[in-house]
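**Q** Pasting a structure below so you can have a look.
Protein chains: 2
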Amino acid sequence: MDIRSLSSSHHHSQSERYIHKVGVPPKQNLFKEFRETLKETFFADDPLRPFKDRSRSQKFILGIQTIFPIFEWGRKYNLKKLRGDLIAGLTIASLCIPQANSSFVPPLIYAFMGSSRDIAIGPVAVVSLLLGTMLQNELDPINEKAQYQRLAFTATFFAGITQVTLGFFRLGFLIDFLSHAAIVGFMGGAAVTIALQQLKGFLGIKKFTKKSDIISVMHSVVASWNWQTIAIGASFLSFLLFAKFIKNKKFFWVPAIAPLISVILSTFFVYITRADKQGVQIVKNIKKGINPSSVNEIYFSGDYLLKGFRIGVVAGMIGLTEAIAIGRTFAAMKDYQLDGNKEMVALGAMNVVGSMTSCYVATGSFSRSAVNFMAGCETAVSNIIMSCVVFLTLEFITPLFKYTPNAILASIIINAVIGLIDIGAATLLWKIDKFDFVACMGAFFGVVFSSVEIGLLIAVSISFAKILLQVTRPRTAILGKVPRTTVYRNIQQYPEATKVPGVLIVRVDSAIYFSNSNYVKERILRWLEDEEEEVKAATYQPRIQFLIVEMSPVTDIDTSGIHALEGLHRSLEKREVQLILANPGPVVMDKLHASSFTSLIGEDNIFLTVADAVSSCAPKLVEEQP
Amino acid sequence: MDIRSLSSSHHHSQSERYIHKVGVPPKQNLFKEFRETLKETFFADDPLRPFKDRSRSQKFILGIQTIFPIFEWGRKYNLKKLRGDLIAGLTIASLCIPQANSSFVPPLIYAFMGSSRDIAIGPVAVVSLLLGTMLQNELDPINEKAQYQRLAFTATFFAGITQVTLGFFRLGFLIDFLSHAAIVGFMGGAAVTIALQQLKGFLGIKKFTKKSDIISVMHSVVASWNWQTIAIGASFLSFLLFAKFIKNKKFFWVPAIAPLISVILSTFFVYITRADKQGVQIVKNIKKGINPSSVNEIYFSGDYLLKGFRIGVVAGMIGLTEAIAIGRTFAAMKDYQLDGNKEMVALGAMNVVGSMTSCYVATGSFSRSAVNFMAGCETAVSNIIMSCVVFLTLEFITPLFKYTPNAILASIIINAVIGLIDIGAATLLWKIDKFDFVACMGAFFGVVFSSVEIGLLIAVSISFAKILLQVTRPRTAILGKVPRTTVYRNIQQYPEATKVPGVLIVRVDSAIYFSNSNYVKERILRWLEDEEEEVKAATYQPRIQFLIVEMSPVTDIDTSGIHALEGLHRSLEKREVQLILANPGPVVMDKLHASSFTSLIGEDNIFLTVADAVSSCAPKLVEEQP
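Line order of the protein sequences matches chains D and U. Note that the UniProt record's numbering gives residue 149 to position 149 of the first sequence, counting from 1, and the numbers run on in steps of one. Note that the UniProt record's numbering gives residue 537 to position 537 of the second sequence, counting from 1, and the numbers run on in steps of one.
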């Protein structure tokens with residue numbers, strides 16, 4: 001290497017800047033490399049870090065605390081915190097009484113296993129109603145009530161299993177594949193579907209389609225309505241919507257408890273007017289007492305097993321995305337780290353247990369978590385309190401809700417899901433990234449016109465198509481010298497940057513892989529041709545003698561890529577143009593060496609920076625001038 | 001912007017270097033952007049360039065010349081070129097007489113439409129024998145000869161259609177998705193499969209499996225052999241293998257015509273000894289005369305249509321990859337550009353016509369093209385000459401080959417395919433890129449143990465998995481200042497590079513997308529934590545106050561990515577660490593503006609280079625020192 005550095009520094013005798021040679025990273029053995037990749041892929045968050053150099057007993061305790069974080073923060077728990085949690089717990093409890101059933105067991109489990117301090121666990125509009133829509137494609141909730149419930153529990157069970165599995169096998173990163181854009185579109189679509197489903201209760205229609213797509217729903221909406229139902233529903237819906245507009249910080253709880261209020265009011269109203277006699281449908285038979293066991297109601301055989309599994313996987317994934325997203329948000333606000341994979345295990349375990357105590361899929365609810373957070377919760381204890389309150393409700397108060405009109409629940413749900421149609425986010429997507437917007441719309445229309453699964457599928461595939469496109473047709477840029485600096489930048493971005501006569505500087509903006517290697521090669525050659533034409537046109541311009549490829553963004557290269565570079569080198573030789581590489585990264589440098597490409601173009605044609613490369617060309621250029 | 005540059009330049013009062021502000025590329029309208037992307041994706045090679053500002057008649061002539069390049073180079077054709085082509089033509093003709101049937105029509109067509117000057121067209125070991133293997137999975141070539149042939153023509157037809165379609169719709173880049181690694185493995189696998197198939201003829205076995213996977217073949221190999229057959233086959237195979245080893249440039253044609261020699265010799269030998277009486281199988285009924293029309297033999301209905309289609313697509317793709325690869329290689333040697341898509345149309349048309357004149361899939365043969373090239377061919381005329389010679393052969397000489405023993409054809413084929421097992425290339429793959437090697441092996445074993453399609457599928461999916469992994473878990477690096485320069489590089493690659501006290505410089509080596517945004521965020525925070533621990537351990541070290549993210553390799557960002565950056569910014573604020581961006585590219589800068597992230601972290605916290613960023617931190621740091 002000594003000779004090499006000499007020879008190169010010799011080139012720039014007149015440029016007094018010291019030319020530093022490009023480093024080749026220390027060769028590490030295969031196994032180590034492999035382990036590194038594995039670690040970064042599955043254990044990016046290095047979960048075993050705290051276990052390092054501890055005694056066995058400590059390790060055991062740590063292990064327990066990792067599975068049940070409550071034993072960790074529980075020891076630091078105090079009255080002050082309890083106060084916060086109590087208020088928060090009561091507040092969120094008031095919100096979930098209408099859908100109480102699934103708000104008793106899951107929060108308890110989560111409180112012990114979960115690591116987020118702010119999530120409020122319970123059935124969530126999107127997930128549980130999504131679940132409903134998918135179930136109704138299989139069974140009729142009225143006539144086939146029994147199987148319907150059993151299928152629901154089965155789905156919940158598998159949702160839990162999915163979550164635990166994902167978490168346990170460190171596949172947490174899979175949910176990152178649901179891009180923000182996809183989620184926005186998906187939520188919107190789900191909201192519309194769900195709202196439409198609720199028209200049944202809202203308009204007091206007797207027989208309603210089981211399908212979830214907009215067409216068939218619209219068909220069944222054109223049916224005999226019940227005006228009393230509509231009157232009640234409409235009035236309370238408007239009340240709820242009005243409550244939403246109270247942006248006052250002091251009254252943040254108004255929209256929060258509005259649902260409860262309207263339930264109580266409407267129930268009372270129906271009770272005294274006996275409106276149910278006028279065909280206003282009411283909840284009627286409501287299960288009293290806490291959740292009975294439902295272990296042996298889960299389908300472990302038959303084709304409902306499969307259906308339940310399919311539905312469960314989807315519901316589980318969606319549940320996860322929401323919970324993790326919420327967890328991350330609040331963790332960022334209070335600045336504590338959240339282990340996604342651990343969260344998943346907790347959520348999964350909670351749903352598995354839930355499915356055995358007749359609960360539907362539960363997850364972190366954004367609205368309630370927000371309330372929980374603003375009510376000043378400190379730890380997951382608020383969840384425990386909530387579940388206790390719910391328990392008492394189930395025991396003693398629930399029967400009173402017998403007279404609650406379905407229209408109210410419908411309007412509560414509609415009111416809840418309307419908030420999910422986030423037009424602001426969509427427009428922002430359009431402004432920032434057209435491709436994201438397309439993915440978003442794909443998800444939206446997929447869900448609205450076809451089904452949840454299709455919507456997700458569309459969104460995900462569009463998102464991936466984008467990545468692949470970017471890797472197949474990477475951007476390339478001509479660089480120029482930014483005046484009064486030694487940096488070379490894209491002349492499109494910096495119009496003031498000036499080209500170096502006789503030298504063409506190209507930057508490739510992607511790893512060079514089989515999918516783009518040929519394109520990159522031919523694109524560079526095309527740049528060269530264009531440049532040569534320009535030069536011909538201009539007078540007193542030396543012909544292009546050096547092609548500098550800025551490799552900084554080239555994060556990786558594979559054999560096809562190297563072959564492409566070799567091809568490039570060959571055709572450049574034909575045109576008497578010298579190929580020069582600037583700042584190849586460690587991985588690339590490593591592979592260029594392994595394939596002995598470095599010796600092909602000459603060690604001293606690889607430079608640390610474009611500036612070095614240029615200053616090495618300059619003298620040679622001069623000689624060749626006429 | 002003026003204020004911004006002022007304020008920033010003020011920061012570096014003591015560093016006299018002029019701080020250049022990061023450029024925002026001129027906003028271009030949506031349609032233009034869209035058109036650009038489309039062009040780069042499908043018309044990267046700008047095929048209409050020559051048509052610019054020409055008269056209509058000129059355009060017409062150009063159009064003809066584009067479809068039939070022969071009218072372009074034909075006009076410059078001369079005797080000198082003819083001499084080269086004549087010799088080359090005769091040479092390659094001698095090679096393909098054993099498999100003459102498909103070497104008559106296709107070369108003619110190609111000569112008119114193709115744009116490569118060196119490719120020698122004809123049936124190729126891999127493709128045609130691959131075709132055979134796939135056909136034999138459907139039909140028995142002996143007992144169901146008629147359907148077998150019809151299916152073969154059908155496959156050929158659809159192979160042609162596939163190629164034309166790909167070319168016409170500018171989908172040429174799709175074949176780039178077959179990575180070099182995949183092809184190496186695939187070829188090797190195909191070679192093994194094909195060689196095994198030939199054992200039938202080579203060992204003179206009567207009944208043989210129709211399956212192509214190694215297990216079932218091995219079963220049928222354990223059968224009654226015919227020693228005379230083996231004797232003949234073995235002797236000539238060894239002759240062929242020996243001929244291979246003549247590396248002498250002067251005798252390059254020896255291995256080339258060895259097949260022909262052995263055919264003639266063996267035929268003569270069998271004719272005089274009447275070895276066929278001793279159960280040495282011979283070709284027997286050979287079609288005399290030129291190819292009859294086979295238009296109405298192609299299946300355009302029934303389930304053979306589908307099978308033919310499936311086989312055709314695969315064979316067509318493989319044919320393309322080989323032809324294009326060869327074309328590119330020789331084009332690079334003689335330094336002329338090759339339009340992949342145009343090539344495809346030519347190859348496709350040639351196969352469509354071929355399928356109607358009882359030819360099997362033909363494509364560019366590497367071995368023969370090499371001979372063609374070394375025999376000094378000038379243009380595609382050598383193909384015309386070859387096809388004429390073949391024509392004469394078919395007319396008059398073929399009948400003599402009635403006595404050619406199958407064993408010879410088998411050994412010729414075996415000899416041909418053995419060359420395809422490129423262990424050197426495989427080892428190189430291992431040396432350069434482990435992942436490529438895995439893809440290669442996947443293809444190889446997929447083909448050997450299961451089927452061609454499976455092999456391809458495995459290879460392609462591994463290759464893509466690699467890309468996705470790279471995009472899901474991008475590399476990140478800590479940068480340090482390279483001594484005696486103002487450049488900051490990966491401290492792993494440049495151990496001499498030194499960190500800047502109080503400043504952490506991280507480089508993200510990939511576009512930031514939904515699939516990696518969370519990982520990138522958390523990874524950076526982990527770098528920070530590690531660094532802070534180090535600082536705590538060390539004495540007289542200022543705490544980390546600035547986090548500089550080097551964005552050069554970040555070629556693109558989507559909304560999820562921007563959200564991640566916002567999240568990063570928030571949690572850094574909590575730790576009182578200032579987030580600074582260095583050298584974001586045009587696209588990224590554009591989106592950061594659109595999402596007003598720039599104003600969130602402050603315009604003057606975005607710098608052109610890491611050096612600028614550091615020099616802006618330095619003074620602030622000093623103030624905060626105790």
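The beta carbon of each residue, even a glycine, is placed where N, CA and C say it ideally should be.
Nearest to D/Gln228 by alpha carbon, out of D/Ser115, D/Gln281, D/Pro259?
**A** Along the first sequence, read from residue 1 onward, the residue named residue 228 of chain D stands at position 228. Per the Cα distances, D/Gln281.
**Q** Tell me where the alpha helix (DSSP H) around U/Ile524 begins and ends.
**A** The residue labelled residue 524 of chain U in the question sits at position 524 within the second sequence. Per DSSP, U/Ile524 belongs to the alpha helix (DSSP H) from 514 to 537.
**Q** Out of curiosity, what's the CA-to-CA distance linking U/Leu241 and U/Asn415?
**A** Your numbering for residue 241 of chain U matches position 241 in the second sequence. Your numbering for residue 415 of chain U matches position 415 in the second sequence. In a straight line, the C-alpha of U/Leu241 is about 7 Å away from that of U/Asn415.
**Q** Please name the residue or residues paired with D/Val503 in a DSSP beta bridge.
**A** By 1-based counting over the first sequence, the position of residue 503 of chain D is 503. D/Val503 pairs with D/Phe546.
**Q** So, for D/Ile70: in the same chain, excluding its five sequence neighbours on each side, which residues have a beta-carbon less than 6 Å away from its beta-carbon?
**A** Here residue 70 of chain D corresponds to residue number 70 of the first sequence, with the count starting at 1. Result list for D/Ile70: Phe112, in chain order.
**Q** May I ask you to list the residues that DSSP assigns as paired with D/Val508?
**A** Position 508 of the first sequence holds residue 508 of chain D. Bridge partners of D/Val508: D/Thr476.
**Q** Counting Cβ pairs closer than 8 Å, one from the segment 177 to 185 of chain U and one from the segment 354 to 365 of chain U, do we hit at least three?
**A** No contact exists between the segment 177 to 185 of chain U and the segment 354 to 365 of chain U.
**Q** Using Cβ-Cβ distances below 7 Å, what residues of the segment 608 to 622 of chain U are close to chain D?
**A** Listed in sequence order: Leu608, Thr609.
**Q** Measure the C-alpha to C-alpha separation of U/Pro106 and U/Met356 and round it to an integer number of angstroms.
**A** As a first step, residue 106 of chain U is located in the second sequence; it is residue number 106 there, counting from the start. As a first step, residue 356 of chain U is located in the second sequence; it is residue number 356 there, counting from the start. Cα-Cα distance, rounded: 11 Å.
**Q** Rounded C-beta distance between U/Ser179 and D/Asp558? I'm assuming under 8 Å.
**A** Residue 179 of chain U sits at position 179 when you count from the first residue of the second sequence. Residue 558 of chain D sits at position 558 when you count from the first residue of the first sequence. Between D/Asp558 and U/Ser179 the Cβ distance is about 7 Å, and since that is below 8 Å, they are a contact.
**Q** Between D/Leu135 and D/Leu151, how many whole angstroms is the CB-CB distance? I'm expecting something under 8 Å.
**A** Looking up residue 135 of chain D in the first sequence gives position 135. Looking up residue 151 of chain D in the first sequence gives position 151. Sure, about 6 Å apart at Cβ, within 8 Å.
**Q** D/Gln470 touches chain U at which residues, Cβ-Cβ below 7 Å?
**A** Here the question's residue 470 of chain D lines up with position 470 in the first sequence. Chain U residues near D/Gln470: Ala511, Asp556.
**Q** Over what stretch of residues does the beta strand (DSSP E) that includes D/Asn29 continue unbroken?
**A** Here residue 29 of chain D is taken as the residue at index 29 of the first sequence, counted from 1. Element bounds for D/Asn29: n/a, residue is neither H nor E.
**Q** Relative to the alpha-carbon of D/Leu306, which residue among D/Ser293, D/Asn226, D/Ala159 has its alpha-carbon at the smallest distance?
**A** Residue 306 of chain D sits at position 306 when you count from the first residue of the first sequence. The shortest Cα separation from D/Leu306 among D/Ser293, D/Asn226, D/Ala159 belongs to D/Ala159.
**Q** Mind checking the segment 165 to 177 of chain U against chain D and listing, in chain order, the residues whose C-beta falls within less than 7 Å of any C-beta there?
**A** Listed in sequence order: Phe173, Asp176, Phe177.
**Q** Is there a Cβ from chain U that is less than 8 Å from the Cβ of D/Ile606?
**A** Locating residue 606 of chain D in the first sequence gives position 606, where the first residue counts as 1. Chain U, which has no Cβ nearer than 8 Å to the Cβ of D/Ile606, makes this no.
**Q** Report back the beta-carbon spacing between D/Thr486 and D/Ala611 to the nearest angstrom; my notes put them in contact at under 8 Å.
**A** Locating residue 486 of chain D in the first sequence gives position 486, where the first residue counts as 1. Locating residue 611 of chain D in the first sequence gives position 611, where the first residue counts as 1. The pair is a contact, with the Cβ atoms about 4 Å apart (cut-off 8 Å).
**Q** How should U/Met551 be labelled, buried or exposed, when 16 other C-beta atoms within 10 angstroms of its C-beta is the threshold for buried?
**A** Sequence index remark: in the second sequence, residue 551 of chain U carries index 551 (1-based). Classification of U/Met551: buried, given that the 10 Å Cβ count is 16 or more.
**Q** Taking 8 Å as the CB-CB cut-off, is D/Asn518 touching chain U?
**A** Indexing the first sequence from 1 puts residue 518 of chain D at position 518. Interface residue, yes.
**Q** Could you say which of U/Glu573, U/Ala370, U/Leu621 lies nearest to U/Thr91 if we only look at CA atoms?
**A** The residue you call residue 91 of chain U lines up with position 91 of the second sequence. The shortest C-alpha separation from U/Thr91 is found at U/Ala370.
**Q** Find the nearest neighbour of U/Gly455 within the set U/Phe268, U/Phe464, U/Phe445, judged by alpha-carbon distance.
**A** By one-based count along the second sequence, residue 455 of chain U stands at place 455. For the residues U/Phe268, U/Phe464, U/Phe445, the minimum Cα distance to U/Gly455 belongs to U/Phe445.
**Q** Determine, using beta carbons only, whether U/Ile505 comes closer than 8 Å to chain D.
**A** Start at 1 with the first residue of the second sequence, and residue 505 of chain U comes out as number 505. Not one chain D Cβ lies under 8 Å of U/Ile505.
**Q** Given a limit of 8 Å on CB to CB distance, which residues of the segment 416 to 449 of chain U reach chain D?
**A** Those would be Leu428, Leu429, Lys431, Ile432, Asp433, Lys434, Phe435, Asp436, in chain order.
**Q** So if I threshold CB-CB distances at 9 Å, which residues from the segment 575 to 587 of chain U count as touching chain D?
**A** Listed by position along the chain: Arg575, Asn583, Gly585, Pro586, Val587.
**Q** Identify the contact partners of D/Val280 in chain U, using a Cβ-Cβ distance below 9 Å as the criterion.
**A** In the first sequence, residue 280 of chain D corresponds to position 280, counting from 1. Within chain U, no residue comes near D/Val280; the closest Cβ sits about 45 Å away, beyond 9 Å.
**Q** Rounded to the nearest angstrom, what separates U/Ser235 and U/Ala191 at their Cα positions?
**A** Translated into the one-based positions of the second sequence, residue 235 of chain U becomes position 235. Translated into the one-based positions of the second sequence, residue 191 of chain U becomes position 191. Each residue's alpha carbon lies about 21 Å from the other.
**Q** Start and end of the alpha helix (DSSP H) containing U/Arg368?
**A** Locating residue 368 of chain U in the second sequence gives position 368, where the first residue counts as 1. That run of the alpha helix (DSSP H) goes 366 to 374.
**Q** Under 8 Å, Cβ to Cβ, is there at least one residue of chain U near D/Glu531?
**A** Along the first sequence, read from residue 1 onward, the residue named residue 531 of chain D stands at position 531. Chain U contact via Cβ: absent.
**Q** Whole-angstrom Cβ separation of D/Lys439 and D/Ile462, contact assumed at under 8 Å?
**A** Walking along the first sequence from the start, residue 439 of chain D turns up at place 439. Walking along the first sequence from the start, residue 462 of chain D turns up at place 462. Reading off the sequence shown, one finds Ala at residue 439 of chain D, where the question assumed Lys. Their Cβ separation, rounded to whole angstroms, is 4 Å, which keeps D/Ala439 and D/Ile462 in contact under 8 Å.
**Q** With a threshold of 16 other CB atoms inside 10 Å of the CB of D/His219, please say whether the residue is buried or exposed.
**A** The count along the first sequence starts at 1 and reaches residue 219 of chain D at position 219. Exposed, since its Cβ has fewer than 16 Cβ neighbours within 10 Å.
**Q** Taking all protein chains shown into account, do 16 or more other C-beta atoms lie within 10 angstroms of the C-beta of D/Thr498, making it buried, or fewer, making it exposed?
**A** As a first step, residue 498 of chain D is located in the first sequence; it is residue number 498 there, counting from the start. Exposed: under 16 other Cβ atoms inside 10 Å.
**Q** Tell me which same chain residues have a C-beta within less than 7 Å of the C-beta of D/Phe177, skipping the five on either side of it?
**A** Within the first sequence, residue 177 of chain D is the residue found at index 177, counting from 1. Same-chain partners within the cutoff: Val460.
**Q** My output table needs one value for U/Gln578: the three-state DSSP class, helix, strand or coil.
**A** The count along the second sequence starts at 1 and reaches residue 578 of chain U at position 578. Strand, per DSSP.
**Q** Looking at the structure shown, is D/Thr498 part of a helix, part of a strand, or coil, going by DSSP?
**A** Working through the first sequence from its first residue, we reach residue 498 of chain D at position 498. Strand, per DSSP.
**Q** Could you tell me whether the Cβ atoms of U/Ser365 and U/Gly89 are closer together than 8 Å?
**A** The residue given as residue 365 of chain U occupies position 365 in the second sequence. The residue given as residue 89 of chain U occupies position 89 in the second sequence. Cβ distance not < 8 Å, so U/Ser365 and U/Gly89 don't count as in contact.
**Q** For D/Asn296, does the count of other Cβ atoms within 10 angstroms reach 16, so buried, or fall short, so exposed?
**A** For the purposes of this step, residue 296 of chain D is taken as the residue at position 296 of the first sequence. Answer is exposed; the Cβ neighbour count stays below 16.
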